[in-house]
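**Student:**
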Amino acid sequence: MQIGIIAPSPVPFCIGGAEKFWWGLQRAFNELTPHSAELIKLPSPENDFSSLVQSYQRFSQLKLDHFDLLISSKYPAWMVSHPNHICYLQHRLRGLYDTDNGHQRDLRLTHYSQLKKISEILSNDVDRQQINFLFSEVKSFLLREPIDSKLLDFPGQLIRQIIHYCDRIALNPSEIAGYAAISHNVAHRKNYFPDSIKPKVIHHPSDLESFYCGKNDYFFTVGRLDNAKRVSLLISAMKQAKTDIPLLIAGTGPEANTLKQQAGNDSRIHFLGFVKDREVIDLYANALAVLYVPYDEDYGLVPIEAFRSGKPVITVTDAGGPLEFVRNLKTGWVVAPKPISIAQAIDECSQNIDRAAEYGKAGQAIAETITWEKTVRELLALVEPAQQFAAPRRKHLLIGSTFPVTPPRSGGQSRIFNLYKALSYEFKVELISLGPVNSDPKTYQLTENFCEIIVPKSRAHQKVEHQLERQAGVSIGDLAATFYGDRTPQLIETINQRRSQADVLVASHPYLLPWLQPKTSTSKLVYEAHNCEFDLKQGMFAQNRKGIALAQEVLSLEAKACQQADLVVTCLEEDWQRLCELYQCQAIPHVLVPNGVNCQEVLFVNPSVRSQWKKRIGYSSFIYLFVGSWHSPNVEAARAIVGWSASFPRQEFLIVGSVGHALQQEFKKLPANVHCLGEVDARTKQVALSVADVALNPMSSGSGSNLKVVEYLASGLPLITTEFGVRALPAALQEQCLLGDLTDFPNLMQQALSNPHLHDLEVRQSARQIVEDQLDWPAIARDYAIALKRLLK
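Residue numbers (the working numbering): -2 to 790.
#1: State the CB to CB distance for the pair ALA711 and VAL768, rounded to an integer number of angstroms; the pair is presumed to be in contact (CB under 8 Å).
#2: Leaving out five residues before and five after ILE473 in sequence, what residues of the same chain have Cβ atoms less than 6 Å from its Cβ?
#3: Should THR719 go down as buried or exposed, given a rule of 16 or more other Cβ atoms within 10 Å for buried?
#4: Find out if the Cβ-Cβ distance for the pair LEU428, VAL452 is shorter than 8 Å.
#5: When the Cα of GLN766 is compared with those of GLY713, ALA725, THR740 and LYS425, which residue comes out closest?
#6: Let's see if you can read the secondary structure: which residues bound the alpha helix (DSSP H) around TRP330?
#7: Report yes or no: do three or more beta-carbon pairs, one from the stretch 345 to 360 and one from the stretch 394 to 404, lie closer than 8 Å?
#8: Using 8 Å for Cβ pairs, my map puts ALA526 next to LEU513. What's the rounded Cβ distance?
#9: Within 10 angstroms of its Cβ, does LYS71 collect 16 or more other Cβ (buried), or is it exposed?
#10: Using only the alpha-carbon positions, how far apart do TRP804 and ILE2 sit?
#11: Closer than 8 Å by C-beta to ASP780: which residues in its own chain qualify, once you throw out the five before and the five after it? Chain order, please.
#12: Assuming the contact rule is C-beta atoms closer than 8 Å, LEU230 and ALA247 should be a hit. Round their C-beta distance to whole Å, please.
#13: Give a yes or no on whether the C-beta atoms belonging to ALA685 and LEU674 are separated by under 8 Å.
#14: Measure the alpha-carbon distance for PRO7 versus GLU355 and round it to whole angstroms.
#15: Taking the beta carbon of ALA387 as the centre, do at least 16 other beta carbons fall within 10 Å, making it buried, or is it exposed?
#16: How many whole angstroms separate the CB atoms of LYS460 and PRO433, which I take to be in contact at a CB cut-off of 8 Å?
#17: Could you tell me whether the Cβ atoms of ASN670 and GLU649 are closer together than 8 Å?
#18: With DSSP run on the structure shown, which of helix, strand or coil describes ASN325?
#19: How about ILE638 and PRO695: do their beta carbons lie closer than 8 Å?
#20: Verify whether the separation of the beta carbon atoms of PRO243 and VAL290 is less than 8 Å.
#21: Looking only at C-alpha atoms, which of TYR508, PRO5, VAL287 and ILE173 sits nearest to LEU90?
#22: Taking its Cβ as the centre, do 16 or more other Cβ atoms sit within 10 Å of THR567, making it buried, or is it exposed?
#23: If you drop the 5 nearest sequence neighbours on each side, which residues of the same chain put their C-beta closer than 6 Å to that of LYS239?
#24: Kindly identify the DSSP beta-bridge partner or partners of GLY175.
#25: Using DSSP with H/G/I as helix, E/B as strand and the rest coil, what is LYS790?
#26: With distances taken between CB atoms, is the gap from GLU302 to ALA316 smaller than 8 Å?
#27: Write down every uninterrupted run of the alpha helix (DSSP H) in the stretch 573 to 601 whose length is 4 residues or greater and which is fully enclosed by it, in chain order.
#28: The beta strand (DSSP E) that contains GLN795, what's its start and end?
#29: Between which two residues does the beta strand (DSSP E) harbouring HIS791 extend?
#30: Can you tell me whether ALA364 is buried or exposed? The criterion is at least 16 other CB atoms within 10 Å of its CB, across all chains shown.
#31: Just grab the DSSP bridge partners of GLU720 for me.
#32: Among residues of its own chain, excluding the 5 on either side of SER180, which ones have a beta-carbon nearer than 7 Å to its beta-carbon?
#33: Could you have a look at GLY21 and say whether DSSP puts it in helix, strand or coil?
#34: Using the DSSP secondary-structure output, state which residues sit across from PRO40 in a beta bridge.
#35: Any idea which residues DSSP pairs PRO453 with across the strands?
#36: Can you tell me whether SER751 is buried or exposed, with buried defined as 16 or more other CB within 10 angstroms of its CB?
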């Protein structure tokens, strides 16, 4: 079917829960069903009598018969007429339905001669044939009526009666093929649905993804700062609470200044203003609990998002929709809407962190049952009861990794996280990762169909790993997992529990291969080679007896991975050729899956904004940037940069990533203009990408491809690089870089200081566009998905 999702576009435009709901619904239809969906929106001002009526009229005149099915959820979009129309109701215009304060209640339209014709239409039974007459009469009335007339009060009784009449026409059973509501609270509201209709309640999920559970650093709330959200109630409660744990308030709105004045000098209360989705996810993750106390909320996604992060919710008894999920002393606290009651819940939560975690886990179990797959299936069942949509069983990928990837900080983490997240829109993906000793087991539900299960190393495992590292002289946790993985019984048990259900087992790196052998004859084995591991390790291990022996172990393991696999994945064609040379695996199916970038997370920063970023953090000098993890090829490159820094004393050099630790060990004292930031989170890395002037990539060895290069170009940074460093990039992207040998770098770096073309906005935008088209993770994942489907035929 061709499905149209019809919706109003607010004037002035802003992004709220409704907009995110429509985007999520459209994506779910397109990605999870055999149907195609388009979102159709019309500008819909509603700030006065006239504009609201005109918005209703525009939708009533819209012809969308080229769609097989229409779905509306909000006024005035449901005014559209279509033979197959579902109303999935969010709310009516609450100022004309739910908040009638009695204003003009005694107004009699029949007392006004200018309203005679309008009154006659409104007094008749609802009839779509009358709607054009009504709009025509209202238009004539508005042209004649003085602007200060009490009949034009908004809200007022006249506009109330007109909109109620229009809504009765639009939502009449003769017009609607199926009714649903986003919550029981909405379904039970007076005058929301025709008397004969009992709508189906379909809870939908958040459009946000990649939720995870982090620390317990603060209380958190997010939303529009207006009266309906009652943030003032939270501030009053915090002033009475005894806890030292701060409250972070995210969002903007008309009450912002008033709320800040109310908070006064309470050092525990912090206003964050507008925050982006990625930041919101992190803020949920590191909260002790989420506070949410609106009045009679339609649905309220904040509790669902909090639960997805494993966090309990403190709410109130008149919150409305949130009460369908928040259970007192089970998934959070439900208390009276009074400051003292909320303060007591805050203090109780502060003093019982373990209990709060239990409530959060109970909420997480509820939230995981609310999926887009279920939402679209139940919507389609309203109009296709005989042939209800049932999504085909997704093929199941089980991946093994020797390190966690959530949240991603290094190149390897970023590849696994983003590649399999992209694949999760077509496959069910489970990633089992080996976590650090003494940490807690964790499960991150990253998308509806992608989770990471982190199993901490046992102490016995860690002990023998340390012994091996002392012998090898380098970090060797990955190879130790091959030798000693069974010293962490929970890892083997977790893999075995899921192995029989998996259609494909993926060894991401070869080191968990012994534990990832297919259990059934129909299961397939994929070896995802991030590098040629033998070449990489041979360059790392000491050329002594022990080092040579360990390199041979890697050689043997990688040979088994290549020769036993049903499909081999490499980042570079050169890597595939090298594996074939070493292991004679030419007959094994192979797919090239290069490294890419998450273009939604890496912001493009134009030169003017880059200057503003530099001023914000107090830099005025020219900045060169290098990003890398602690691998010998990166260490060689970073060492070269330190050597060049002496020739550029007025410029600054930022070294981001664990490669900085290697430099700090090697150099007793780094030059004053070289700054090693170490491993950083995504937000800090974005700051580094935003303040730098030029990225450096002096790579001369290594395997795999340089993921950091794509991030540089996606962020709008000019790049000085060796040809080796961009060997995996499309030719059109290589043309956007300054290429040279290592001996050329100082000269190229000097040229960059005064080369305006290097910072030309069109040049940088062109590079970004190439990245989006060819190297964004969803684009990269396509070939991998095709290869997997071919494998499973």
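Just so you know, even glycine gets a beta-carbon here, dropped at the ideal spot from N, CA and C.
**Tutor:** Let's see:
#1: 5 Å
#2: LEU465 and GLU466
#3: buried
#4: no
#5: GLY713
#6: Premise fails: TRP330 lies in the beta strand (DSSP E), 329 to 332, not in any alpha helix (DSSP H).
#7: no
#8: With a Cβ gap of about 14 Å, ALA526 and LEU513 do not count as contacting.
#9: buried
#10: No information on residue 804 is available, as it lies outside the stretch -2 to 790 that the chain covers here.
#11: VAL588, LEU589 and VAL590
#12: Actually they do not touch by this definition, with Cβ atoms about 17 Å apart.
#13: yes
#14: 40 Å
#15: At ALA387, the pLDDT of 49 sits below 50, so the modelled position is not reliable; the number obtained from the coordinates is stated separately. The residue is exposed, with fewer than 16 neighbouring Cβ atoms inside 10 Å.
#16: So it is not a contact: roughly 14 Å between Cβ atoms.
#17: yes
#18: strand
#19: yes
#20: no
#21: PRO5
#22: buried
#23: ASP344
#24: ILE83
#25: coil
#26: no
#27: none
#28: Residue coverage of the chain in this structure runs from -2 to 790, which leaves residue 795 outside it and unanswerable.
#29: Past the edges of the chain, shown from -2 to 790, lies residue 791, and the structure says nothing about it.
#30: buried
#31: None; GLU720 has no bridge partner.
#32: VAL198, HIS200, ASP295, TYR296, GLY318 and GLU321
#33: helix
#34: SER6
#35: GLY432
#36: exposed
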